[in-house]
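Let me begin by presenting the structure, written as structure tokens, before commenting on it.
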Amino acid sequence: MKYFTQFESRELGQELIDLALLYKNQPRLDQAKGQGKRVGCIFLNPSLRTRVSTQIAAQNLGMEAIVLNMDKEGWALEMQEGAIMNKGTVEHIKDAARVLGSYFDILAIRAFPSLTNKEEDMTDFIFGQFIKYSGIPVVSLESATRHPLQSLADQITIQEHLNGKRKPKVVLTWGPHIKAIPHAVANSFAEWSLGMGHELTITHPEGYELHESFTKGATIEYDQSKALEDADFVYVKNWSAFNDYGKILSTDSRWMLTEDHFKKAPQGKVMHCLPVRRNLELSDEILDSRRSLVQKQAENRIYAAQAVLSKILE
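Under my numbering, the first residue of the sequence shown carries the number 4, and numbering increases by one thereafter.
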């Protein structure tokens with residue numbers, strides 16, 4: 004596994020889940036594995052859980068993790084080939100990535116989409132440039148299209164709370180937000196849930212359809228109440244429109260999840276990747292209730308990252 008940027012197979016997914024759960028019970032089991040190795044965590048966008056969980060995961064494996072907030076601490080990067088650099092960018096990705104590749108054993112990159120250039124975002128252009136020029140393994144800490152470490156942590160959390168069910172009903176529901184939010188978490192959660200064999204229903208207002216490459220095999224339901232019936236796990240996430248790229252088409256507060264939404268899903272558990280806009284996407288009563296797995300997902304981010312780094316080190 005040279006790159007960890009997307010879901011690859013059910014077999015690998017289960018292998019990573021099992022390894023993550025092993026590390027959760029014995030975090031420093033393989034502390035010698037990463038000794039003398041360095042991971043460079045390069046953030047072009049802000050982070051809390053992703054940054055800290057990746058650092059802890061690396062330390063659990065004996066690795067040194069060095070963090071660079073490229074938007075604040077590094078030079079402005081030029082990404083385009085053949086650019087005449089007579090404007091705001093200072094260093095070309097060709098040079099920066101090659102230098103980083105010589106300093107580190109693994110790179111872990113976070114780069115959000117522009118939400119203005121659909122074609123470029125869908126190709127994960129920035130990631131492709133780091134992969135092309137760094138020459139070392141690259142881990143996605145969230146890209147324009149996917150957030151695989153978050154989705155792996157989500158699948159770990161679901162497996163921990165299956166209660167004997169082999170094929171749970173998993174619902175991904177859109178929630179209102181005040182900003183245009185990327186599609187990465189929603190795309191990745193759908194891709195991993197379908198890939199791991201769950202029964203997935205996606206519910207959202209009309210116009211918020213995700214790209215079919217991530218949702219093929221899921222049930223699309225525009226009636227949120229109907230979608231939530233008999234749900235075992237309900238994942239709440241906002242995303243902007245895809246077809247009308249990056250646009251906010253609705254802020255309907257009726258889509259905010261409250262306890263009333265669970266009348267026909269009394270055992271349903273609630274998930275969210277964080278950060279969450281309380282009482283906009285999810286109500287306090289849900290986030291602070293026994294239904295909520297949100298903090299457990301955040302904890303599992305450590306062991307998801309640790310499992311991935313461990314496999315790459317092998």
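From the three backbone atoms N, C-alpha and C, an ideal C-beta is built for every residue, glycine too. Note that the coordinates shown come from a computational prediction; the quantities given were computed from them, not determined experimentally.
Check                                                                                                                                                                                                 : Outcome
Please go through the stretch 47 to 86 and give each complete alpha helix (DSSP H) segment of 4 or more residues, from N-terminal end onward.                                                         : 52 to 63 and 73 to 76
Flag this pair as yes or no: are the beta carbons of phenylalanine 245 and glutamate 212 separated by less than 8 Å?                                                                                  : yes
If you run the structure through DSSP and keep just helix, strand and coil, what is methionine 4?                                                                                                     : coil
Just curious, the alpha helix (DSSP H) that alanine 305 is in, first and last residue?                                                                                                                : Sequence check: residue 305 is isoleucine here, not alanine. 297 to 316 is the extent of the alpha helix (DSSP H) around isoleucine 305.
Does arginine 149 come out as helix, strand or coil in the three-state DSSP assignment?                                                                                                               : coil
Starting from the C-beta of tryptophan 78, find all residues in its chain whose C-beta is less than 6 Å away, skip the five residues before and the five after it, and write them out in chain order. : Val93 and Glu94
Do you know offhand how far glutamine 83's Cα is from alanine 100's?                                                                                                                                  : 13 Å
Are the stretch 152 to 169 and the stretch 121 to 135 touching, with three or more C-beta to C-beta distances below 8 Å?                                                                              : no
Per DSSP, arginine 41 is paired with what?                                                                                                                                                            : Glu67
Excluding sequence positions up to five away, which residues of its chain have a Cβ less than 7 Å from the Cβ of lysine 36?                                                                           : Leu64, Gly65, Ser313 and Leu316
For a test of the three-state rule: what should DSSP assign to isoleucine 161, helix, strand or coil?                                                                                                 : helix
Within the continuous beta strand (DSSP E) that includes alanine 111, where are the two ends?                                                                                                         : 109 to 113
Could you compute how far the alpha carbon of asparagine 89 sits from the alpha carbon of glutamate 76?                                                                                               : 21 Å
With DSSP collapsed to three states, give me the class of tyrosine 238.                                                                                                                               : strand
State the DSSP-derived secondary structure class of leucine 252, mapped to helix, strand or coil.                                                                                                     : coil
Residues in its own chain within less than 7 Å of histidine 180 by CB, not counting five upstream and five downstream?                                                                                : Asn241, Arg280, Leu283 and Glu284
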